[in-house]
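Student: Before I ask anything, let me first share the structure, which is written out below as structure tokens.
Protein chains: 2
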Amino acid sequence: MSQQRHGSTSGNGDRAGAVPAFPDLPEATIARLPEYLRALHNLGEGGADTISSEGLAAAAGVNSAKLRKDLSHLGSYGTRGVGYDVALLIEQIEYVLGLDQRRAVGLVGVGNLGHALAGYDGFASRGFKIVALFDADPAKVGERIHGLVVRHIDELPAVAAEETLAIGVIATPAGAAQAVADELVAAGVTSILNFAPCVLSVPANVDVRKVDLAIELQILSFHEHRKASLTALPGGRSATGAGNQEAVGS
Amino acid sequence: MSQQRHGSTSGNGDRAGAVPAFPDLPEATIARLPEYLRALHNLGEGGADTISSEGLAAAAGVNSAKLRKDLSHLGSYGTRGVGYDVALLIEQIEYVLGLDQRRAVGLVGVGNLGHALAGYDGFASRGFKIVALFDADPAKVGERIHGLVVRHIDELPAVAAEETLAIGVIATPAGAAQAVADELVAAGVTSILNFAPCVLSVPANVDVRKVDLAIELQILSFHEHRKASLTALPGGRSATGAGNQEAVGS
DNA sequence: CGCGATTTGTGCACGCCTTCACAAGCGCCT
DNA sequence: AGGCGCTTGTGAAGGCGTGCACAAATCGCG
Numbered sequence: 001m002s003q004q005r006h007g008s009t010s011g012n013g014d015r016a017g018a019v020p021a022f023p024d025l026p027e028a029t030i031a032r033l034p035e036y037l038r039a040l041h042n043l044g045e046g047g048a049d050t051i052s053s054e055g056l057a058a059a060a061g062v063n064s065a066k067l068r069k070d071l072s073h074l075g076s077y078g079t080r081g082v083g084y085d086v087a088l089l090i091e092q093i094e095y096v097l098g099l100d101q102r103r104a105v106g107l108v109g110v111g112n113l114g115h116a117l118a119g120y121d122g123f124a125s126r127g128f129k130i131v132a133l134f135d136a137d138p139a140k141v142g143e144r145i146h147g148l149v150v151r152h153i154d155e156l157p158a159v160a161a162e163e164t165l166a167i168g169v170i171a172t173p174a175g176a177a178q179a180v181a182d183e184l185v186a187a188g189v190t191s192i193l194n195f196a197p198c199v200l201s202v203p204a205n206v207d208v209r210k211v212d213l214a215i216e217l218q219i220l221s222f223h224e225h226r227k228a229s230l231t232a233l234p235g236g237r238s239a240t241g242a243g244n245q246e247a248v249g250s
Numbered sequence: 001m002s003q004q005r006h007g008s009t010s011g012n013g014d015r016a017g018a019v020p021a022f023p024d025l026p027e028a029t030i031a032r033l034p035e036y037l038r039a040l041h042n043l044g045e046g047g048a049d050t051i052s053s054e055g056l057a058a059a060a061g062v063n064s065a066k067l068r069k070d071l072s073h074l075g076s077y078g079t080r081g082v083g084y085d086v087a088l089l090i091e092q093i094e095y096v097l098g099l100d101q102r103r104a105v106g107l108v109g110v111g112n113l114g115h116a117l118a119g120y121d122g123f124a125s126r127g128f129k130i131v132a133l134f135d136a137d138p139a140k141v142g143e144r145i146h147g148l149v150v151r152h153i154d155e156l157p158a159v160a161a162e163e164t165l166a167i168g169v170i171a172t173p174a175g176a177a178q179a180v181a182d183e184l185v186a187a188g189v190t191s192i193l194n195f196a197p198c199v200l201s202v203p204a205n206v207d208v209r210k211v212d213l214a215i216e217l218q219i220l221s222f223h224e225h226r227k228a229s230l231t232a233l234p235g236g237r238s239a240t241g242a243g244n245q246e247a248v249g250s
């Protein structure tokens, strides 16, 4: 690949300035990078110095050709005949994903789900820190959850002024989500993770990702339905080769 | 479309038998059906009898052409010049997704996240019922959560024998997930929703969907990183037209 | 009864993503 | 030093999904 991203081939050292001019990565690739990163961390802890595309692909649950193409978009960080340097590749992916910078997360809605998210280990362990909790219910304001005090949603602007919130997480009921999103945007948040089952309308420069737990179940329900109808049909073998998938992508 | 799925045009009545022989729907379409369904329910409660593809598309946050193509895969349930009959379309989508049958869900891992999932309204309100909670930690066994008693994971086979579990939800730490998946499969579960950050290996006839909350944050982090590098670049206007996306492939 | 307004259903073209297959490159062993 | 085996990086092909643009169909009104 002729794409030489940031000067030195040493692989690091000049990270500071905003040099990137990103080789605009395919969205599908970006969605897989975190998976590769997790697999690499596991392998690294297992004592591996290098890993082949085949090995890493297996650990990440993807095709090895796809993995190589994905990584090739980042640059040439592998060695032919050997494989990828685990530590170097971790560093590269973390750089591309912007994980070398601590990103502050604000969570709105401390209900059932929000409560769990506030204490979810997976966030902290991967470089995200929830720095503020908000809720509209006065009964919840003041409550202490996993070391953080719940503040009223109206305090959002004040908190955002103090510490820049990189990402806002919405865990409110659907009815309140749009209003919360508007407030987050007004407070300067440009990335939102939405757990509320509704469509959010935001300016073009704001990124929204939606996670709807019930939708996942409904998709599984469809496949159950399909499998059931297959086995009940003539020649209905027990759905061998039904083609299960292993990702969410979206 | 010449696809006449189940005899009567009345819209229901002969649902019982496994007639389907599914017009194998594109996976992308399936993933969007639940979103359409939610939008339809909202519209129905709003008192709408019919809805145009344009209107429904807006409510679901998609392109109207895409919506029409998606729905055309189910059959012709719209009326030209008028739109779609809300009630009929709800019924059709629910049928395709297999939501006309109550599906029992078993949840394994009653930690932070599992606890929240056990009480998540979104499941019950869309036809899913969590019928059993499991955990490996003896300290948690016996605990009562949202009306259900936590049982030890070893009891899974016994419970599955009593009531068929359609879907298994894994909310354990990554280390335990594969073992739990194996036990679920052994108990006859053929659909798994995995919240643990790891790749599961299962037989071909078992469907796995993965939801990794940290991955979503990392994807957002990438876009934050990209946007930041753009604004720091010459001609760096505030990222207008950055192209945000609105779904997760989930 | 016919006409125009409206909306669905879909053929088609385009672009993205995946997958295959292989040349290029690297290290090791003799 | 040379050759051999292994692995990466990538050109090319195929498939899938999206979006446009329009013909077909339906309703309501004059």
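From first to last, the protein sequence lines are chains E and C. For what it's worth, UniProt numbering labels the leading residue of the first sequence as 1, then goes sequentially. For what it's worth, UniProt numbering labels the leading residue of the second sequence as 1, then goes sequentially. Backbone N, C-alpha and C fix where the C-beta goes; we use that ideal spot for every residue, glycine too.
Can you give me the start and stop residues for the alpha helix (DSSP H) that R68 of chain C sits inside?
Tutor: Unbroken alpha helix (DSSP H) run through R68 of chain C: S64 to S72.
Student: Can you tell me whether R80 of chain E is buried or exposed? The criterion is at least 16 other CB atoms within 10 Å of its CB, across all chains shown.
Tutor: The residue is exposed, with fewer than 16 neighbouring Cβ atoms inside 10 Å.
Student: Compare the C-alpha of V108 of chain C against each of C:G127, C:L74, C:Q101 and C:V159 and name the closest.
Tutor: With distances taken between Cα atoms, V108 of chain C lies closest to C:V159.
Student: Take G142 of chain E and list the residues in its own chain whose beta-carbon comes closer than 7 angstroms to its own, dropping the five residues that flank it on each side.
Tutor: The residues are V149 and V150.
Student: Locate the beta strand (DSSP E) running through I153 of chain C, then write down its first and last residues.
Tutor: Unbroken run through I153 of chain C: none, as it is neither H nor E.
Student: Between which two residues does the alpha helix (DSSP H) containing S229 of chain E stretch?
Tutor: Run containing S229 of chain E: L213 to T231, per the alpha helix (DSSP H) assignment.
Student: Name the DSSP bridge partner or partners of F123 of chain C?
Tutor: Paired residue(s): none; F123 of chain C is not in a bridge.
Student: Just to check, is the beta-carbon of L217 of chain C closer than 7 angstroms to a non-hydrogen atom of the ligand MG?
Tutor: With respect to small molecules bound, the structure shown includes none, and the ligand MG cannot be examined in it.
Student: Does the region 50-68 of chain C come close enough to the region 79-98 of chain C to have 3 or more Cβ pairs within less than 8 angstroms?
Tutor: The answer is yes - the region 79-98 of chain C touches the region 50-68 of chain C, with three or more Cβ pairs under 8 angstroms.
Student: Taking any Cβ of chain C, which residues in the region 208-220 of chain E have a Cβ under 9 angstroms from it, in chain order?
Tutor: Per Cβ criterion, the list reads V208, R209, K210, V211, D212, L213, A214, I215, E216, L217, Q218, I219 and L220.
Student: Look at the alpha carbon of R32 of chain C and the alpha carbon of A139 of chain C, and state the distance between them as a whole number of angstroms.
Tutor: So the alpha carbons of these two residues sit roughly 40 angstroms apart.
Student: State buried or exposed for S191 of chain E, treating a residue as buried only when at least 16 other CB atoms are found within 10 Å of its CB.
Tutor: Answer is buried; the Cβ neighbour count reaches 16.
Student: If you compare alpha carbons, which of C:E27, C:E183 and C:L67 is closest to Y36 of chain C?
Tutor: Measuring from the Cα of Y36 of chain C, the nearest candidate turns out to be C:L67.
Student: Please report the distance separating the alpha-carbon of E162 of chain E from that of V180 of chain E.
Tutor: One C-alpha to the other measures close to 19 angstroms.
Student: For the region 212-220 of chain E against the region 223-232 of chain C, do three or more pairs of beta-carbon atoms, one drawn from each stretch, fall closer than 8 angstroms, so that the two count as touching?
Tutor: Because the criterion of three Cβ pairs below 8 angstroms is not met, the region 212-220 of chain E and the region 223-232 of chain C do not touch.
Student: In chain C, which residues lie with their C-beta within 8 angstroms of the C-beta of I167 of chain E?
Tutor: Going along chain C in sequence order, the residues near I167 of chain E (Cβ under 8 angstroms) are L217, L220, S221 and E224.
Student: Could you compute how far the alpha carbon of I170 of chain C sits from the alpha carbon of P157 of chain C?
Tutor: Taking the straight line joining both Cα atoms gives about 16 angstroms.
Student: Nearest by alpha-carbon distance to R126 of chain C: which of C:E27, C:S221, C:P34 and C:F22 is it?
Tutor: Comparing Cα-Cα distances from R126 of chain C to each of C:E27, C:S221, C:P34 and C:F22, the minimum goes to C:P34.
Student: Helix, strand or coil, according to DSSP, for G236 of chain E in the structure here?
Tutor: For G236 of chain E, the predicted model reports a pLDDT of 45, less than 50, meaning its position is unreliable; a value from the coordinates is still stated below. Coil.
Student: Ignoring anything shorter than 4 residues, give me the alpha helix (DSSP H) runs that lie fully in the region 148-210 of chain C, in order along the chain.
Tutor: Taking only runs of at least 4 residues, the alpha helix (DSSP H) segments lying wholly in the region 148-210 of chain C are 156-162 and 174-186.
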